[in-house]
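In UniProt numbering, the protein residues as written are 1 to 322. Ideal Cβ placement from N, Cα and C applies to all residues, glycine included. All remarks here apply to the structure that follows.
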Amino acid sequence: MHAIEVRNHGGPEELKYVEVPDPSPSGGEMLVRTTAIGVNFIDVYFRTGIYPTELPYIPGSEATGVVEDPNGAEGFSTGDRVVWATAPSSYAELVCVPATAAIPVPDGASDAVAASALLQGMTAHYLINSVYPVRSGDTILVHAGAGGVGQVLTQLAVAKGAEVITTVSTDAKADLSRQAGATHVLRYGPNLSRQVRDLTDGEGVAAVFDGVGKDTFDASLDSVRVRGTVALFGAASGPVPAFDPQRLNKAGSVFLARPSLGHFVRTRDELLWRAGDVLDAIAEGSLTIQVGAEYPLRDAEQAHRDLEGRMTTGSIVLLPGE
Ligand code: NDP
């Protein structure tokens, strides 16, 4: 099969399109032929080595595909369309998917939408339901509002009755963030927290959802209300440097969380709950996944360049066999 392999940590050029032997599923795994593969910022952290991983490896954890060999998995048959967000080595034509990670794809959801909805969608879901349960009437701040997680989080929070302020870097991204439901779209910069305070009668927001990290963290702390929550869930601009916890006290007894999706889909029931909510919202039309770009699998390098270069919006996918 063809796959993307990383032999050394480094830049996007380390994503090599190679031919490797077909994988064989072990107990509890199914063999699935991918039809579309989700690209996520976490794939960048593993490639650069910010997150540790053994070399060489096939990146990716999210895709849609058709079951080629259910390998005895209960409830699945050859030909079923499935999607997953937590199976390793997914930048490939064939993936061994643990049956516990596989979820049937509802009719009507395209391969590209399904392949890029769950990782970002379940992240948004746990952030606004489990890290800080967003309530009707809350005002929240979401960084990178035109990004994959940002657009989904905005839509789900608005559906709960929240008012959403976002940050973006360009006019085109501002339009997309407004389409996702943001009431106020701001630019990054030294005046950011002052603008957020002006929009909230000086109070600050109930919660900040910060996947940008190094460049936004100070503004996040300055924008949150007394006893509010800062959910630091990523580092698109780089990791936040070590700091004195006393800063949380000074900011107003602020709750700081540094969560990861894996800890919020610990059981099959929890996975099915979050994935079900995301897929149902798509089917009902209350959640739109904007697939911002599609690349042939062999062009994974370009996909990473665009993602890291802030050129993408919404979710992005790789298409095998092209
Ligand atoms: P995005 O589509 O949001 O892409 C990242 C965006 O971050 C860019 O488009 C850009 O938007 C913004 N950004 C700001 N500064 C920079 C910078 N210096 N370099 C690159 N981008 C920058 O990606 P995802 O939706 O895949 O992920 C968003 C965040 O969520 C990431 O940090 C990711 O790691 C995190 N994440 C965390 C999870 C968890 O469980 N903890 C799970 C899933 C994702 P703009 O140009 O508008 O600023």
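Separation of the CB atoms of ASP210 and LEU176 is rounded to 19 Å, and the pair is thereby denied contact status at 8 Å. Judged by DSSP secondary structure, MET30 falls within the beta strand (DSSP E) whose first and last residues are 29–39. Nearest to GLY285 by alpha-carbon distance, out of VAL142, GLN155, VAL208, GLU5, is GLN155.
Listed in chain order, the non-local C-beta contacts of HIS125 below 7 Å within the same chain comprise LEU156, ARG274, ASP277, VAL278, local neighbours out to five positions each way being set aside.
Annotation for ARG310 indicates a beta carbon within 7 Å of some heavy atom of ligand 1.
Using a C-beta cut-off of 8 Å, the stretch 1–14 makes no contact with the stretch 216–229, since fewer than three inter-stretch Cβ pairs fall below that distance. C-alpha of ASN129 to C-alpha of ALA87: approximately 24 Å in a straight line.
At the C-beta level, LEU127 and ILE165 stay beyond 8 Å of one another. Taken from the Cβ of ASP218, every heavy atom of ligand 1 lies 7 Å or farther away. By the neighbour-count criterion, in which a residue is buried when 16 or more other Cβ atoms sit within 10 angstroms of its Cβ, ALA172 is exposed.
Not one heavy atom of ligand 1 lies closer than 7 Å to the C-beta of ILE4.
Rounded to the nearest angstrom, the Cβ distance from ALA99 to ALA63 is 15 Å, too far for a contact under 8 Å. VAL149: member of the alpha helix (DSSP H) spanning 148–159, first to last residue.
By the criterion of at least three beta-carbon pairs nearer than 8 Å, the stretch 47–66 is in contact with the stretch 77–93.
Counted as a single uninterrupted DSSP element, the alpha helix (DSSP H) harbouring HIS304 occupies residues 300–308. One Cα belongs to THR167, the other to HIS184, and the distance between them is close to 9 Å. For PHE233, there is no enclosing beta strand (DSSP E), since its DSSP letter is neither H nor E.
Under the three-state reduction of DSSP, ARG258 is assigned to coil, being neither helix nor strand. When DSSP states are grouped into helix, strand and coil, ILE282 belongs to the helix group. Look at GLY65 here: in three-state DSSP terms it is strand.
Distances taken from the Cβ of ASN40 to the heavy atoms of ligand 1 include one shorter than 7 Å.
The beta carbons of SER90 and ILE42 sit about 12 Å from each other, so the pair does not count as a contact at 8 Å.
Between the C-alpha atoms of ILE103 and PHE264 there is a straight-line separation of about 16 Å.
A buried status is given to ARG47, since no fewer than 16 other beta-carbon atoms sit within 10 Å of its beta-carbon. For ligand 1, a non-hydrogen atom lies closer than 7 Å to the CB of ASP215. DSSP lists LEU232 as the beta-bridge partner residues of ASP210.
According to DSSP, PRO296 shares a beta bridge with LEU319. When distances are taken from the beta-carbon of GLN120 to the heavy atoms of ligand 1, the shortest one is below 7 Å.
Here ASN40 has LEU119 as same chain residues with Cβ atoms under 6 Å from its own Cβ, once five neighbours each way along the sequence are excluded. For LEU261, the shortest separation between its Cβ and any heavy atom of ligand 1 lies below 7 Å. Taking the Cα of LEU186 as reference, the smallest distance to any Cα among ASP201, SER24, ALA146 is reached at ALA146. In the pairwise beta carbon analysis, the stretch 49–57 is classified as not touching the stretch 24–31: fewer than three pairs are separated by under 8 Å.
For PRO190, the closest alpha carbon among the candidates ALA219, THR229, THR170 is that of ALA219. When DSSP states are grouped into helix, strand and coil, GLY314 belongs to the strand group.
PHE255 has its Cβ no nearer than 7 Å to any heavy atom of ligand 1.
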